[in-house]
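Okay, structure first, notes after.
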């Protein structure tokens with residue numbers, strides 16, 4: 004037995020589940036939910052295209068019919084005038100819905116009237132009565148959440164809006180930021196916006212999809228995905244929203260919302276520079292600079308007072324320390340073991356040994372970070388590399404970092420090849436191992452000790468990163484647009500698809516547009532390789548894009564609820580068969596057009 008049933012009003016959605024029942028006799032039951040055959044009634048909504056202006060005759064409207072697949076014509080006009088019959092082919096498709104613009108004129112211009120005709124000849128009418136008013140709509144931001152759509156993270160902004168006459172649209176602007184990035188930008192949103200994980204780039208309109216709609220949401224793709232921990236404790240969203248009614252009245256709100264319950268960042272560890280202090284003069288002093296390694300920001304220097312870091316001397320009568328970390332001697336330490344305890348909430352205290360010995364003298368300097376042959380190697384050109392740490396070597400063979408209490412002086416033997424800046428060292432060309440450039444470090448107006456270090460600079464290989472969509476539809480185009488960089492120049496970028504070379508670019512923009520055949524299936528393997536001006540190749544950047552057939556329909560999963568497996572019944576008594584399928588949360592429409600029940604495979 005096989006019957007096709009059209010949806011009826013008595014089929015109700017209960018807590019997001021659609022339950023359909025049919026009484027019959029039999030042994031084996033199957034149910035299939037489909038998407039065709041009988042004409043399903045649609046939701047009809049009319050909204051104004053622009054504000055209603057008092058005294059102006061014409062009013063532009065947009066009618067939305069959802070779903071639109073069984074609609075043949077749409078008659079539009081007003082309650083008192085002859086209505087114009089328009090073919091559904093004139094409407095603009097929006098998903099499974101369609102939208103059609105029309106104009107209302109005359110005395111009844113504020114009473115739009117629509118008649119929808121279906122393929123089976125049945126009709127459905129819809130009318131609304133509008134009016135010019137000055138009351139602004141209500142608007143409330145409900146919150147934000149992170150969800151996954153098609154394998155891609157999205158930021159969803161939820162609002163509630165209502166108008167006593169007719170709501171035209173809700174406009175939403177959203178910028179998603181990591182709290183750590185906002186801190187690094189000094190709280191300046193425009194600076195932090197460059198590192199936003201999601202950004203609408205301005206206001207985006209969300210129009211009503213059905214009469215009386217109050218919930219409006221906007222989903223924004225996340226370009227830089229967040230971890231679960233970041234969602235819970237490091238994400239914040241600046242949201243601006245505006246509700247506009249048919250008369251042009253507006254209501255605006257602006258809030259800073261969290262993706263989680265709050266913004267909390269854990270401090271993981273702390274280090275202090277210098278790690279040891281040796282003072283050879285009672286007039287010397289040195290500043291301790293702590294650096295706290297935070298969960299999201301990473302290592303963050305925290306010099307001075309007011310940062311939450313505290314300093315405590317083990318022997319304040321011998322060595323004193325200020326709240327800002329300035330250490331100065333009061334007398335020689337002699338045989339006493341003196342130290343400064345540096346503390347920050349949530350991490351282990353760091354102990355810095357301090358020695359005050361006027362009998363010691365500085366005999367030399369040692370530069371940290373050299374290779375086994377004593378050379379300082381810069382891994383790339385035309386980029387600033389931090390100046391290395393310098394240690395003082397004392398007359399008794401002990402060492403302590405210098406440069407905090409004494410100002411270091413750096414100089415290059417060849418400024419055209421190796422430049423010394425306030426930020427660090429910059430190599431302007433390749434410096435070979437057989438032609439090193441001497442880097443000298445000493446003191447400004449201090450001890451005469453110096454250190455001379457040979458410097459080598461290398462041309463770094465180019466870098467390529469590849470961001471691809473998770474899927475592409477058959478028959479559409481796939482744009483491959485990698486991010487390419489090099490410390491000198493890029494000679495070429497090659498693009499491979501399934502190991503076949505499909506393009507090569509020798510200048511920016513480095514991108515290739517690939518037309519995906521309508522018959523394509525499976526996955527597309529993409530590989531990009533860059534070559535720099537020295538002929539060096541980058542490591543390949545690889546990715547996979549899934550090809551989706553536009554015509555594919557996901558068949559819903561149907562669950563047989565009754566009868567239970569192996570249930571027993573008295574012969575001749577009726578048996579109730581029921582099946583269910585997830586239909587979403589109200590007011591979501593299921594788009595189910597018919598249900599097939601089969602018993603014993605018939």
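In our numbering, the protein residues as written are 4 to 605.
Cβ coordinates follow ideal geometry from the N, Cα and C atoms, glycine included.
All values reported here derive from a predicted model rather than from experimental measurement.
Using the rule of at least 16 other Cβ atoms within 10 Å of the residue's Cβ for burial, across every protein chain shown, is residue 358 buried or exposed?
To locate residue 358, count along the chain shown from 1; it is residue 355. Flag for residue 358 reads buried.
Does the Cβ-Cβ distance between residue 201 and residue 229 come in under 7 Å?
Reading the chain shown from its first residue, position 198 is the one you call residue 201. Reading the chain shown from its first residue, position 226 is the one you call residue 229. The criterion of a C-beta distance shorter than 7 Å is not satisfied by residue 201 and residue 229.
Helix or strand or just coil, what does DSSP make of residue 198?
For the purposes of this step, residue 198 is identified with residue 195 of the chain shown, where counting begins at 1. Helix at residue 198.
Classify residue 91 as helix, strand or coil using the three-state DSSP reduction.
Within the chain shown, the letter at position 88 stands for residue 91. Note: residue 91 maps to helix in three-state DSSP.
I'd like the span of the alpha helix (DSSP H) that includes residue 185, first residue to last.
In the chain shown, counting from the first residue as 1, residue 185 sits at position 182. Counting along the chain, the unbroken alpha helix (DSSP H) around residue 185 starts and ends at 182-187.
So, at 7 Å on beta carbons, what are the nonlocal neighbours of residue 186 in its own chain, with the 5 sequence-adjacent residues on each side left out?
The residue you call residue 186 lines up with position 183 of the chain shown. Within its own chain, the residues whose Cβ lies closer than 7 Å to the Cβ of residue 186, once the five positions on either side in sequence are excluded, are 300, listed in chain order.
Proximity below 7 Å, CB of residue 277 to CB of residue 404
Counting from 1 along the chain shown, the entry for residue 277 is found at position 274. Counting from 1 along the chain shown, the entry for residue 404 is found at position 401. Result yes, Cβ atoms of residue 277 and residue 404 sit closer than 7 Å.
Taking only the alpha-carbon atoms, compute the straight-line gap between residue 410 and residue 448 and give it to the nearest angstrom.
For the purposes of this step, residue 410 is identified with residue 407 of the chain shown, where counting begins at 1. For the purposes of this step, residue 448 is identified with residue 445 of the chain shown, where counting begins at 1. A straight-line Cα-Cα distance of about 8 Å links residue 410 and residue 448.
Measuring CB atoms only, is the stretch 172-179 touching the stretch 237-251, in the sense that at least three cross pairs come out at less than 8 Å?
Counting Cβ pairs under 8 Å, three or more are found: they touch.
Rounded to whole angstroms, what is the Cα-Cα separation between residue 360 and residue 402?
Stepping through the chain shown from its first residue, residue 360 is reached at position 357. Stepping through the chain shown from its first residue, residue 402 is reached at position 399. Pairing residue 360 with residue 402, the inter-Cα distance amounts to about 13 Å.
Ignoring anything shorter than 3 residues, give me the beta strand (DSSP E) runs that lie fully in the stretch 468-556, in order along the chain.
Unbroken beta strand (DSSP E) stretches of 3 residues or longer found wholly inside the stretch 468-556: 474-476, 480-483, 486-488, 493-500, 503-508, 515-518, 526-535 and 544-551, given in chain order.
Bridge partners for residue 443 per DSSP, in chain order?
Position 440 of the chain shown holds residue 443. Note: residue 443 sits in a beta bridge opposite 414 and 455.
Taking the beta carbon of residue 598 as the centre, do at least 16 other beta carbons fall within 10 Å, making it buried, or is it exposed?
Start at 1 with the first residue of the chain shown, and residue 598 comes out as number 595. Per the 10 Å Cβ criterion, buried.
Where residue 232 sits in the DSSP three-state scheme:
Here residue 232 corresponds to residue number 229 of the chain shown, with the count starting at 1. Here residue 232 carries a helix assignment [DSSP, helix/strand/coil].
Would you kindly check if the distance between the Cβ of residue 462 and the Cβ of residue 433 is under 7 Å?
Position 430 of the chain shown, counted from the first residue, corresponds to residue 433. Position 459 of the chain shown, counted from the first residue, corresponds to residue 462. Yes.
For residue 163, write down the residues that DSSP places opposite it in a beta bridge.
If you number the chain shown from 1, residue 163 lands on position 160. Answer by DSSP bridge pairing, in chain order: 143 and 218.
Can you say whether residue 535 is buried or exposed, counting buried as having 16 or more other CB atoms within 10 angstroms of its CB?
As a working note, residue 535 is residue 532 in the chain shown. Residue 535 should be labelled buried.
Span separating the alpha-carbon of residue 147 from that of residue 234
Along the chain shown, read from residue 1 onward, the residue named residue 147 stands at position 144. Along the chain shown, read from residue 1 onward, the residue named residue 234 stands at position 231. Their backbone Cα atoms lie some 11 Å apart in a straight line.
In angstroms, rounded to a whole number, what distance separates the CA positions of residue 312 and residue 304?
On the chain shown, position 309 is the one that residue 312 refers to. On the chain shown, position 301 is the one that residue 304 refers to. If I take the Cα positions, the gap works out to 11 Å.
Three-state secondary structure assigned by DSSP to residue 258:
Taking the first residue of the chain shown as position 1, residue 258 is located at position 255. Secondary structure of residue 258 (DSSP, three-state): strand.
Going by Cα to Cα distance, which pick from 115, 456, 218 and 111 is closest to residue 368?
Locating residue 368 in the chain shown gives position 365, where the first residue counts as 1. Nearest C-alpha to residue 368: 456.
In the structure shown, what three-state DSSP assignment does residue 460 receive?
Within the chain shown, residue 460 is the residue found at index 457, counting from 1. Three-state result, residue 460: strand.
With 16 other Cβ atoms within 10 Å as the buried cut-off, status of residue 259:
As a position in the chain shown, residue 259 is number 256, starting the count at 1. Per the 10 Å Cβ criterion, exposed.
Let's test the definition: count the other Cβ atoms within 10 Å of the Cβ of residue 337 and tell me whether it reaches 16, buried, or not, exposed.
Stepping through the chain shown from its first residue, residue 337 is reached at position 334. Exposed, because fewer than 16 other Cβ atoms sit within 10 Å of the Cβ of residue 337.
Looking only at C-alpha atoms, which of 397, 78, 537 and 393 sits nearest to residue 412?
The residue you call residue 412 lines up with position 409 of the chain shown. For residue 412, the closest of 397, 78, 537 and 393 by C-alpha to C-alpha distance is 393.
Test item: CB-CB of residue 102 and residue 67 under 7 Å
Translated into positions along the chain shown, residue 102 becomes position 99. Translated into positions along the chain shown, residue 67 becomes position 64. Yes.
For residue 317 versus residue 342, is the C-beta spacing smaller than 7 Å?
In the chain shown, residue 317 corresponds to position 314, counting from 1. In the chain shown, residue 342 corresponds to position 339, counting from 1. Yes, these two residues count as a Cβ contact at 7 Å.
Would you kindly work out how many angstroms separate the C-alpha atoms of residue 602 and residue 123, rounded to a whole number?
One-based indexing of the chain shown puts residue 602 at position 599. One-based indexing of the chain shown puts residue 123 at position 120. Near 29 Å, if we compare the C-alpha coordinates of residue 123 and residue 602.
Considering only the beta carbon of each residue, do residue 249 and residue 167 sit closer than 7 Å?
Within the chain shown, residue 249 is the residue found at index 246, counting from 1. Within the chain shown, residue 167 is the residue found at index 164, counting from 1. No, the Cβ-Cβ distance between residue 249 and residue 167 is not below 7 Å.
Less than 7 Å between the C-beta atoms of residue 487 and residue 533, yes or no?
Looking up residue 487 in the chain shown gives position 484. Looking up residue 533 in the chain shown gives position 530. Taking 7 Å as the Cβ cut-off, residue 487 and residue 533 qualify as a contacting pair.
Between which two residues does the beta strand (DSSP E) harbouring residue 64 extend?
Locating residue 64 in the chain shown gives position 61, where the first residue counts as 1. Counting along the chain, the beta strand (DSSP E) containing residue 64 begins and ends at 62-69.
The beta strand (DSSP E) with residue 245 in it runs from where to where?
Indexing the chain shown from 1 puts residue 245 at position 242. Start and end: 238-248.
Where the beta strand (DSSP E) through residue 388 begins and ends
The residue given as residue 388 occupies position 385 in the chain shown. Taken as a continuous stretch (DSSP letters only), residue 388 belongs to no beta strand (DSSP E), as it is neither H nor E.
Between residue 505 and the rest of its own chain, which residues show a CB-CB distance below 8 Å, the 5 nearest in sequence each way excluded?
Against the chain shown, residue 505 aligns to sequence position 502. Contacts found: 498, 499, 515 and 517.
Taking residue 388 and residue 421 to be in contact with their CB atoms under 8 Å, please state how far apart those CB atoms are, rounded to whole angstroms.
By 1-based counting over the chain shown, the position of residue 388 is 385. By 1-based counting over the chain shown, the position of residue 421 is 418. Actually they are not in contact, since the Cβ atoms of residue 388 and residue 421 sit about 10 Å apart, beyond 8 Å.
Identify the residues that DSSP records as bridge partners of residue 2: which are they?
A query on residue 2 cannot be resolved here, the shown segment of the chain reaching from 4 to 605 and no further.
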